[in-house]
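As structure tokens, the structure follows; a few thoughts come after it.
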Amino acid sequence: MSAMLRCRVAIEAPQHAGLGGPLVYLCERVLAPGTPVRVPLGAREVAGIVWPGNPDEMDPAGLRPVAEVLDALPPLAPGWCDLVEFAAGYYQRSIGEVALAVLPPELRKLDGAQLALRLRKLAKALAVAPAAAAPPPRPALSPAQAAALEQFGALPDGSTALLHGVTGSGKTEVYLRAAEDALAAGRQVLVLVPEINLTPQLEARFVERFAGRRIVALHSALTPAQRLRHWLTAHLGQADLVLGTRLAVFASLPRLGLIVVDEEHDPSYKQQEGARYSARDLAVWRGRRDRATVLLGSATPSLETWQRVQEGRYGRLTLPARIGGGTLPQVRLVDMNRQPHGKAAPALSPPLLAAVQERIDRGEQSLVFLNRRGYAPVLHCADCGWKSDCAHCSAWRVFHKLDRTLRCHHCGYTERVPRACPACGNLDIAPIGRGTERLEEQLGELLRGADGGPARVARIDADSTRLKGALEAQLGAVHAGEVDVLVGTQMVTKGHDFRRITLVAAINPDTALFSSDFRAPERLFALLMQAAGRAGRSAEQAARSEMWVQTWHPQHPLYAALRQHDFEAFAASQLAERRAAGLPPHTHLASLRADARDAAAAQAFLQAAADLAPTLAGADAVTIYPPVPLAVARVADVERMQMLVESPSRPALQRFLATWLPALQTVRRTRPGTRVLRWAVDVDPLAI
Ligand code: ADP
Ligand code: ZN
Ligand code: ZN
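So my numbering is basically just the index in the sequence shown, starting at one, shifted up by 34.
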């Protein structure tokens with residue numbers, strides 16, 4: 035065998051294993067960059083991708099040959115490799131880790147023969163053209179939609195625009211038309227949504243509009259075989275439209291022409307483990323690289339995006355009103371200081387309760403939003419002060435009344451509810467506060483149905499939807515009018531098109547106003563605007579729709595802006611505050627997180643990392659803040675701490691991280707008392 039040539043191969047190896055860039059292997063012939071291969075690694079054989087670029091000069095004696103070339107598959111495009119390389123560099127992971135993590139897991143397992151077989155099967159399936167029904171008539175565009183599309187069409191390839199419009203303003207119709215244009219130009223369209231639950235709805239609209247086109251979904255709820263098939267269909271250029279969640283931003287799309295990011299502000303676009311990438315930000319980068327236009331849609335854009343619009347870096351398209359002239363629900367603030375309160379007071383203040391009852395009497399629906407599941411966040415013994423804490427976390431265990439358990443929402447530790455106080459034996463232990471279960475129970479007792487019987491109250495949260503199909507069934511009941519009042523967590527505020535809801539109430543949103551996380555008000559505003567958007571979606575009901583907010587701080591500027599549905603005023607005040615405080619988007623952040631069995635070790639590790647910084651080039655361009663515990667410091671017996679690194683310049687932060695993080699590899703081994711279980715960096719962290 036004459037294995038004479040050398041090639042670079044990206045394989046899955048986390049940064050921390052000390053394997054930085056792609057490895058070098060021998061090959062018998064020139065392999066196109068982007069070709070999947072199998073290579074030996076120690077005693078194993080692993081999947082890899084031939085990576086662009088010339089291998090460093092190395093003594094061929096120490097090199098091993100590529101085991102198998104999977105060239106039944108056309109190579110991944112240079113643009114795809116660039117995207118992976120950029121993401122790896124920006125989020126400080128190894129190229130191989132990112133490259134292999136974003137491919138369908140099946141692809142990593144198959145050998146050449148198995149892959150060829152899958153491809154032959156797929157080719158057979160793809161030989162049958164998708165059914166081409168006559169598409170339904172398209173609505174005539176509103177003047178605002180037409181203007182937005184014209185502006186968008188005039189943007190140069192590779193640019194990004196924000197489509198700003200409230201719920202029901204016709205953003206989706208703009209996506210559909212922009213997709214039409216891209217498809218007509220022979221290009222592929224990628225549509226990103228924040229949550230798997232939202233893909234079927236959007237998919238249905240695209241399938242209906244683009245009968246005859248091939249549309250595939252890409253998200254983590256697909257079976258491995260489906261995911262491979264869909265991915266291959268896109269990679270082979272056979273899928274015209276790809277709809278997916280954040281991981282779909284890495285789909286291989288040889289003819290990509292348009293990327294839509296719906297609800298671009300949604301935190302779900304940020305990956306929270308491994309390479310902590312933002313799919314929204316990568317979409318913008320990818321658009322520029324692949325000469326595809328990018329459309330970011332939202333009623334409440336992220337302040338990062340809004341800032342770029344102000345700077346003229348993104349185009350700005352506005353849909354100022356709801357389609358059909360529907361008004362936005364009127365916002366009513368209930369000043370809780372003037373309502374009866376104390377332990378016995380019901381969750382809904384008397385005026386709100388009366389308003390919900392009025393809705394029921396008229397045959398309309400209400401949505402009551404409370405972002406806390408379970409019956410009560412904590413059980414308490416009034417005699418000795420015992421509380422239902424978790425033995426493994428610095429958190430309370432939540433009381434779930436339906437199955438009589440105390441459950442930790444952080445580590446999952448679950449026990450039967452004790453009959454008496456475990457500390458003193460007192461039989462009278464009581465729940466404090468309330469979650470969705472208790473709210474559901476209370477509303478069932480306080481409200482009458484239209485027929486004089488008890489009102490029909492339903493609950494949608496992570497508990498009620500655990501079983502497959504449960505969410506669909508519950509939503510179906512709401513749509514069918516079999517529910518008077520829907521109680522839910524933020525799960526119900528996203529996307530769903532509830533036609534009969536004319537009242538939305540947030541009963542306890544204040545906590546976010548005083549959170550230590552500087553993004554909490556931004557998230558709250560988005561959530562409330564989105565929740566308000568659930569009301570009055572049908573035009574004839576819009577006029578009498580209301581959004582109720584119970585608050586102890588009715589004078590707060592956030593609520594003032596909400597009353598006016600004034601995102602711009604809210605954004606301006608937040609951006610001014612962020613500027614004064616030196617926070618993103620005016621500065622750039624990374625957080626270094628360390629997990630350890632004891633807090634002292636985590637702290638010592640972070641401190642050692644901070645001590646190392648001044649010795650490195652570029653340290654003068656960053657500020658390193660002292661280590662602090664996370665909001666929930668201990669989870670499953672692991673202490674978690676983080677340290678923020680800030681810089682006014684993104685490139686300076688990037689340069690510093692690129693020298694600092696490799697230097698940290700040795701800290702754990704060389705510094706006493708820094709025995710951490712793991713550490714990781716999060717660039718542009720969302721939750722502080
Ligand atoms: P958004 O995505 O901003 O929430 P949609 O695109 O879903 O808004 O539009 C809201 C409703 O208005 C949908 O029922 C949609 O079918 C309808 N719609 C959108 N554009 C038009 C139009 N130009 N003419 C008539 N109806 C429209
Ligand atoms: Zn007690
Ligand atoms: Zn726990």
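Ideal Cβ placement from N, Cα and C applies to all residues, glycine included. Here the structure is a predicted model, which means the values were calculated and not measured.
Each of C415, D417, C418, W420, C455, A457, C458 and N460 has a C-beta closer than 5 angstroms to some heavy atom of ligand 2; these make up the full list, in chain order. Check the Cα spacing between D274 and each of I230, G522, E673 and F240: the tightest is with F240. Within the chosen limit of 7 angstroms, ligand 1 does not reach the beta carbon of K158 with any heavy atom. Your pair R568 and T527 checks out as a contact, with CB atoms roughly 6 angstroms apart and the cut at 8 angstroms. As summarised for the segment 231-284, the continuous beta strand (DSSP E) elements at least 3 residues long and confined to that stretch are 249-252 and 275-278, given in chain order. Remark: three or more beta-carbon pairs, one from each stretch, lie closer than 8 angstroms, so the segment 100-107 and the segment 135-151 are flagged as touching. Contact between the segment 514-534 and the segment 468-484 is present: 3 or more CB-CB pairs across the two stretches fall below 8 angstroms. In this chain, the alpha helix (DSSP H) harbouring F690 covers R684 to L698.
Between ligand 3 and the CB of A429, the shortest heavy atom gap is smaller than 7 angstroms.
Per DSSP, reduced to three states, the secondary structure at E345 is coil, with no helix or strand assignment. Around the C-beta of H375, fewer than 16 other C-beta atoms lie within 10 Å, and the residue is accordingly described as exposed. In the DSSP annotation of this structure, the continuous segment of the alpha helix (DSSP H) that includes L156 starts and ends at G146 to A161. In terms of Cα proximity to L401, the closest of C458, R172 and V390 is V390. The beta carbon of E242 sits closer than 8 angstroms to those of P169 and P170, all from its chain and outside the five residues before and after it, given in chain order.
W420 sits in coil when the DSSP states are folded into three classes, being neither helix nor strand. Look at L175: its beta carbon is less than 7 angstroms from one of the heavy atoms in ligand 1. Contact between L290 and D315 is absent: CB atoms are separated by about 17 angstroms, not below the 8 angstroms threshold. A213 sits away from V227, with the two beta carbons spaced by 8 angstroms or more. Leaving aside the five residues that flank A182 on each side, the residues in its chain whose CB is nearer than 6 angstroms to its CB run, in chain order, V208 and L351. The continuous alpha helix (DSSP H) containing Y124 extends over residues P112 to Y124.
In this structure, DSSP gives P555 a helical state, which the three-state scheme calls helix. In this structure, A180 keeps its C-beta atom at 8 angstroms or more from the C-beta atom of L189.
Residues H426, C427, V669 and A670 of the same chain have their beta carbon placed closer than 6 angstroms to that of C445, with the five preceding and five following residues left out of the count. For E297, there is no enclosing alpha helix (DSSP H), as DSSP marks it with neither H nor E. When DSSP states are grouped into helix, strand and coil, V64 belongs to the coil group. A Cβ-Cβ separation of about 6 angstroms places F433 in contact with G408 under the 8 angstroms criterion.
Taking non-hydrogen atoms of ligand 3 into account, the C-beta of Y447 is found less than 7 angstroms away from one of them. Set against 7 angstroms, the gap from the CB of G55 to the closest heavy atom of ligand 1 is not smaller. For A355, the distance from the CB to the nearest heavy atom of ligand 3 is not below 7 angstroms. For Q676, the three-state secondary structure derived from DSSP is strand. In terms of side-chain proximity, the C-beta atom of G359 is found no nearer than 7 angstroms to any non-hydrogen atom of ligand 1. Taking all protein chains in view, the Cβ of V43 is crowded by 16 or more other Cβ atoms within 10 Å, so the residue is classified as buried.
Taking C-beta atoms as the reference points, W694 and L640 fail to come closer than 8 angstroms. Between L156 and L266, the gap from beta carbon to beta carbon is short of 8 angstroms. Between L404 and T470, the C-beta gap is smaller than 8 angstroms, which places the two residues in contact. DSSP places K304 within a strand segment (E or B) once states are collapsed to three.
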